[in-house]
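**Q** If you read the sequences in order, they're chains F and B. Just so you know, we're using our numbering here: the first sequence kicks off at 2 and counts up by one. Just so you know, we're using our numbering here: the second sequence kicks off at 2 and counts up by one. Before I ask anything, let me first share the structure, which is written out below as structure tokens.
There are 2 protein chains.
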Amino acid sequence: MTDQPSSLSPDSSPLPDAFRAIAEDIDAVFDRILPVPDDARAPLFEAMRHAAIGGGKRVRPLLLTETASLFGVDRDAALLASTAVEAIHVYSLIHDDLPCMDDDDLRRGKPTVHKAFGEDVAVLAGDSLHDLAFELLVSPDVHSDPFVGVELVTALATASGPSGMAGGQMMDLAADGEDFDLATVTRLQQLKTGALIGVSVEMGAILGRLPDEGRSPLRAYARDIGLAFQIADDLLDVEGDEELAGKALGKDEAAGKATFLSLLGVERAREQAFFLVDQAEGHLQDFGQEADVLRALARFIVERDR
Amino acid sequence: MTDQPSSLSPDSSPLPDAFRAIAEDIDAVFDRILPVPDDARAPLFEAMRHAAIGGGKRVRPLLLTETASLFGVDRDAALLASTAVEAIHVYSLIHDDLPCMDDDDLRRGKPTVHKAFGEDVAVLAGDSLHDLAFELLVSPDVHSDPFVGVELVTALATASGPSGMAGGQMMDLAADGEDFDLATVTRLQQLKTGALIGVSVEMGAILGRLPDEGRSPLRAYARDIGLAFQIADDLLDVEGDEELAGKALGKDEAAGKATFLSLLGVERAREQAFFLVDQAEGHLQDFGQEADVLRALARFIVERDR
């Protein structure tokens with residue numbers, strides 16, 4: 002999105018190492034909890050593994066583990082909770098890619114699940130990852146206190162369901178060809194992308210036993226980067242490289258959707274994204290260098306090329 | 002399935018009143034928790050209401066509330082947990098009916114969700130009910146003790162996911178035209194139908210704070226009626242009345258699926274269903290008349306005409 006060198010350059014940022022570590026760790030958890038059974042359910046597990054392992058930037062797990070680490074949470078516990086959030090994200094991608102939804106053939110540079118395993122298996126693989134998320138979340142390895150488990154489930158189910166991500170997807174379906182205004186598009190994106198990004202940070206705070214009244218700055222950080230993330234996605238949809246992105250681009254414009262871009266234009270949208278990132282960093286002012294990865298992540302979100 | 006008068010005749014059984022009450026109560030909970038929002042998410046909520054309200058026998062909620070009542074659990078708490086199980090059941094029906102799955106136009110005498118609202122909305126409505134189930138389960142109105150919430154989520158997520166219902170559905174997809182043996186078909190059905198029936202009883206016991214070691218008879222009861230339920234479904238698929246059933250029948254045979262019926266024949270299958278019901282009643286021998294509805298429900302499962 003810019004002519005600057007990518008923020009992935011190793012000398013300037015703690016981010017590349019953090020991205021590498023979270024990608025390896027989340028893959029390892031999915032690999033461990035999804036052994037392929039020796040029975041007729043094998044294709045279901047293979048489909049879940051196809052979608053869940055070896056792909057994606059793992060932005061949500063990184064947000065969760067980095068927030069949790071601010072409060073000294075054990076990394077293994079945070080990784081399990083992160084895998085739960087990522088399972089929700091992956092399930093939503095599987096269902097989103099279905100022919101009756103976005104009808105995509107390619108995801109993260111691989112065939113989508115329904116292309117590789119059939120639509121019926123894809124529906125079930127998404128549904129199964131959806132269950133897996135909640136099963137993981139209440140595991141005693143995430144926390145010994147059941148209050149935390151209940152709070153995590155409440156947060157994730159709300160962020161994922163009709164008052165969160167699924168509600169945003171519904172608004173997105175209704176937006177095809179509709180002329181939503183900026184307030185409505187903002188609300189749509191806060192639900193569709195923002196809810197899961199927000200709950201990643203929230204779950205880190207829950208694991209860290211941060212009281213509700215202390216979470217406002219982190220919530221504000223998450224809200225800002227969630228919107229910035231979506232604006233950046235809109236820009237990449239127009240300006241990005243399909244090979245780098247590993248998926249088809251240019252679909253919003255073809256569908257005649259109201260987006261930040263169609264409403265603001267490229268220049269104002271880009272400005273707004275950078276403004277949101279500055280603002281997000283401001284919300285972290287009470288933290289020291291222990292929040293440097295979160296700061297770098299905010300910047301990465303608008304500077305990424307995929 | 003028999004020439005006997007239906008066990009729904011009011012003078013001989015507590016079941017008709019119990020069925021009427023649970024149907025009203027579950028409808029009331031769904032109606033309360035699914036208000037249609039005044040925004041672009043409205044069709045999503047309407048689709049969820051279309052599928053969830055005003056249909057179905059509510060066998061799983063009845064199992065849960067009746068089991069819970071054996072241990073003095075507050076009915077309102079048990080109803081919320083029952084609505085969670087029913088939300089999982091309804092979500093699975095919505096996804097099962099999709100063109101890429103069973104491709105059904107009719108469910109409970111109404112157009113299926115994808116027929117009435119489109120496939121994309123149907124996928125999202127199923128996903129949303131899936132989230133709603135877990136959100137409901139950890140509500141403080143179900144229990145004040147978070148240990149109970151965590152145990153309920155673990156039980157329901159396991160029963161619903163790839164080691165339960167979704168796993169059974171995957172085996173069922175693989176069974177199209179396959180020649181599974183009786184052991185495999187039994188395992189398939191124990192997952193596909195049995196897991197959710199079993200967890201309904203289990204969740205009643207969890208709410209009743211029955212220790213794990215005391216649950217064996219109830220689990221055995223649930224396992225037996227789960228299999229009997231499926232055999233009865235197979236028989237109805239061949240002998241039933243489409244108008245009464247409110248859905249298309251005769252699909253197993255057309256698909257060349259291995260079922261209890263294709264493996265045992267009609268007579269032995271019917272005998273086995275009645276044997277299982279006798280056995281299920283035997284498992285309840287330590288309970289008095291407080292378990293009469295559960296006994297009658299076991300019998301209803303094989304004597305029902307839809």
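Glycine included, every Cβ here is placed at the ideal spot set by N, Cα and C. Model, not experiment: these values are computed from the prediction.
1) On a Cα-Cα basis, can you pick out the residue from Val239/F, His284/F and Ala175/F that is closest to Ser217/F?
2) Please list, in chain order, all residues of the same chain as Leu264/F whose beta carbon is under 7 Å from its beta carbon, the five residues on each side excluded.
3) Is Arg108/F helix, strand or coil by DSSP?
4) For Leu137/F, which residues in the same chain have their Cβ closer than 8 Å to its Cβ, ignoring the five residues on either side in sequence?
5) Give the residues from the region 81-108 of chain F that approach chain B closer than 7 Å (Cβ to any Cβ), ordered along the chain.
6) Judging by CA-CA distance, which residue of Ser140/F, Met49/F, Gln231/F and Arg224/F is the nearest neighbour of Val1/F?
7) Between the beta-carbon of Glu205/B and the beta-carbon of Gly227/B, is there less than 8 Å?
8) Can you give me, in chain order, the residues of the region 116-143 of chain B that have a beta carbon less than 9 Å from any beta carbon in chain F?
9) Gln231/B: buried (16+ other C-beta within 10 angstroms of its C-beta) or exposed?
10) Using a cut-off of 8 Å between C-beta atoms, extract the partners of Ala167/B located in chain F.
11) From this set, Ala69/B, Met102/B, Asp121/B and Arg50/B, which residue's C-alpha is nearest Val91/B's C-alpha?
12) Using a Cβ-Cβ cutoff of 7 Å, what residues of the region 261-289 of chain B are near chain F? List them in chain order.
13) Go ahead and label Glu268/F buried or exposed: buried means 16 or more other beta carbons lie within 10 angstroms of its beta carbon, across all protein chains shown.
14) Around the C-beta of Gly124/F, are 16 or more other C-beta atoms found within 10 angstroms, so that it is buried, or is it exposed?
15) Let's see if you can read the secondary structure: which residues bound the alpha helix (DSSP H) around Arg305/B?
16) Give the C-beta separation of Asp98/B and His131/F to the nearest angstrom, bearing in mind that I take them to be a contact with Cβ-Cβ under 8 Å.
17) Quick check on Met171/F - is its C-beta less than 8 Å from some C-beta in chain B?
18) Can you list, in chain order, the residues of its chain with a C-beta nearer than 6 Å to that of Met172/B? Leave out the 5 residues immediately preceding and following it.
19) Got a sec: is the Cβ-Cβ distance from Ser145/B to anything in chain C below 8 Å?
20) Determine whether the Cβ of Val154/B lies closer than 8 Å to any Cβ atom of chain F.
21) Could you tell me whether any Cβ in chain F is nearer than 8 Å to the Cβ of Pro15/B?
22) With burial defined as no fewer than 16 other Cβ atoms inside 10 Å of the residue's Cβ, what is the status of Val37/F: buried or exposed?
23) Output needed in chain order: residues of the region 201-222 of chain B with a Cβ under 8 Å from some Cβ in chain F.
24) Using three-state DSSP, classify His96/F as helix, strand or coil.
25) How would you list, in chain order, the residues of chain F whose beta-carbon sits under 8 Å from the beta-carbon of Arg59/B?
26) Look at Ala270/F and Leu236/F and say whether their C-beta atoms are less than 8 Å apart.
27) Taking C-alpha atoms, which residue in Gln286/B, Arg305/B, Leu208/B and Ala221/B lies nearest to Gly241/B?
28) Output needed for Asp180/F: all residues of its chain with C-beta closer than 7 Å, excluding positions within five of it in sequence on either side, in chain order.
29) Check the Cβ of Phe148/F against every Cβ in chain B and list those closer than 8 Å, keeping chain order.
30) Closer than 8 Å, CB to CB, is Asp4/F near chain B or not?
31) DSSP state of Asp4/F, grouped into three classes?
32) Return helix, strand or coil for His131/F, following the three-state DSSP convention.
33) Hey, would you say the C-beta of Phe181/F is under 7 Å away from at least one heavy atom of the ligand SAH?
34) Using beta-carbon positions only, say whether Glu67/B and Leu295/B come within less than 8 Å of one another.
35) List the residues of chain B whose Cβ lies closer than 9 Å to the Cβ of Gly162/F, in chain order.
36) Taking the alpha helix (DSSP H) that His115/B falls in, what are its first and last residues?
**A** The answer reads as follows:
1) Working through the first sequence from its first residue, we reach residue 217/F at position 216. Of Val239/F, His284/F and Ala175/F, the residue nearest in Cα terms is His284/F.
2) To locate residue 264/F, count along the first sequence from 1; it is residue 263. Closer than 7 Å at Cβ, skipping near neighbours: Leu183 and Val186.
3) Position 107 of the first sequence, counting from 1, holds the residue named residue 108/F. For Arg108/F, the three-state secondary structure derived from DSSP is strand.
4) By one-based count along the first sequence, residue 137/F stands at place 136. For Leu137/F, where only same-chain residues beyond five positions count, the Cβ hits under 8 Å are Ile34, Leu81, Ala82, Thr84, Ala85, Ala88 and Val143.
5) Correct list: His96, Leu99, Cys101 and Met102.
6) Since the first residue shown for chain F is 2 and the last is 307, residue 1/F is missing from the structure and cannot be characterised.
7) Against the second sequence, residue 205/B aligns to sequence position 204. Against the second sequence, residue 227/B aligns to sequence position 226. Sequence inspection shows Gly at residue 205/B; the Glu mentioned does not correspond to that position. Taking 8 Å as the Cβ cut-off, Gly205/B and Gly227/B do not qualify as a contacting pair.
8) Residues passing the 9 Å Cβ filter: Gly119, Glu120, Asp121, Val122, Ala123, Val124, Leu125, Ala126, Gly127, Asp128, Ser129, Leu130, His131, Asp132, Leu133, Ala134, Phe135, Glu136, Leu137, Leu138, Val139, Ser140 and Pro141.
9) Along the second sequence, read from residue 1 onward, the residue named residue 231/B stands at position 230. Taking all protein chains in view, the Cβ of Gln231/B is crowded by 16 or more other Cβ atoms within 10 Å, so the residue is classified as buried.
10) Residue numbering aside, residue 167/B sits at position 166 when the second sequence is read from its first letter. Within 8 Å Cβ-Cβ: Leu45, Leu125, Asp128, Ser129 and Asp132.
11) Taking the second sequence and counting its residues from 1, the one referred to as residue 91/B is at position 90. Nearest C-alpha to Val91/B among Ala69/B, Met102/B, Asp121/B and Arg50/B: Arg50/B.
12) Against chain F - using a Cβ distance shorter than 7 Å - the region 261-289 of chain B contributes no residues.
13) Residue numbering aside, residue 268/F sits at position 267 when the first sequence is read from its first letter. With fewer than 16 other Cβ atoms within 10 Å, it is exposed.
14) Position 123 of the first sequence, counted from the start, is the residue given in the question as residue 124/F. Checking the sequence, you will find Val at residue 124/F rather than Gly. Counting other Cβ atoms within 10 Å of its Cβ, Val124/F reaches 16 or more and is therefore classed as buried.
15) Against the second sequence, residue 305/B aligns to sequence position 304. Counting along the chain, Arg305/B falls outside any alpha helix (DSSP H), and DSSP gives it neither H nor E.
16) As a working note, residue 98/B is residue 97 in the second sequence. As a working note, residue 131/F is residue 130 in the first sequence. Between the beta-carbon of Asp98/B and that of His131/F there is about 18 Å, and that puts the pair past the 8 Å contact cut.
17) One-based indexing of the first sequence puts residue 171/F at position 170. Taking a beta-carbon distance threshold of 8 Å, Met171/F counts as an interface residue toward chain B.
18) Here residue 172/B is taken as the residue at index 171 of the second sequence, counted from 1. Leu189.
19) Any reference to chain C falls outside this structure, whose protein chains are F and B.
20) As a working mapping, residue 154/B is identified with position 153 in the second sequence. True, the Cβ-Cβ gap to chain F drops below 8 Å.
21) What you label residue 15/B is simply residue 14 of the second sequence in a count that begins at 1. Chain F, which has no Cβ nearer than 8 Å to the Cβ of Pro15/B, makes this no.
22) As a working note, residue 37/F is residue 36 in the first sequence. It counts as exposed.
23) Listed in sequence order: no entries.
24) Reading the first sequence from its first residue, position 95 is the one you call residue 96/F. DSSP places His96/F in helix when its eight states are reduced to three.
25) Position 58 of the second sequence, counted from the first residue, corresponds to residue 59/B. Chain F residues near Arg59/B: none, gap ~22 Å exceeds 8 Å.
26) Here the question's residue 270/F lines up with position 269 in the first sequence. Here the question's residue 236/F lines up with position 235 in the first sequence. Yes, they are a contact pair.
27) Translated into positions along the second sequence, residue 241/B becomes position 240. It is Arg305/B.
28) The sequence position of residue 180/F within the first sequence is 179, counting from 1. Around Asp180/F, the same chain offers Ala259 as residues with beta carbons nearer than 7 Å, after the five sequence neighbours per side are excluded.
29) Translated into positions along the first sequence, residue 148/F becomes position 147. The answer, in chain order, is Pro147.
30) Locating residue 4/F in the first sequence gives position 3, counting from the first residue. Bear in mind that a pLDDT of 40 at Asp4/F, under 50, signals an unreliable position, so the number given afterwards is only what the model happens to contain. Not closer than 8 Å to any Cβ of chain B, the Cβ of Asp4/F fails to qualify, so no.
31) Taking the first residue of the first sequence as 1, we reach residue 4/F at position 3. Confidence is the limiting factor: at Asp4/F the pLDDT is only 40, short of 50, which leaves the residue's position unreliable and the question unanswerable from this model.
32) In the first sequence, counting from the first residue as 1, residue 131/F sits at position 130. Shown here, His131/F sits in a helix according to DSSP, grouped into three states.
33) The ligand SAH is not part of the structure shown, which contains no ligands of any sort.
34) As a position in the second sequence, residue 67/B is number 66, starting the count at 1. As a position in the second sequence, residue 295/B is number 294, starting the count at 1. Yes, the pair counts as a contact, with Cβ atoms nearer than the cut-off.
35) Counting from 1 along the first sequence, the entry for residue 162/F is found at position 161. Neighbours of Gly162/F across chain B, judged by C-beta separation under 9 Å: Asp128, Ser129, Leu130, His131, Asp132, Leu133, Phe135 and Glu136.
36) Translated into the one-based positions of the second sequence, residue 115/B becomes position 114. For His115/B, the enclosing alpha helix (DSSP H) begins and ends at Val114 to Phe118.
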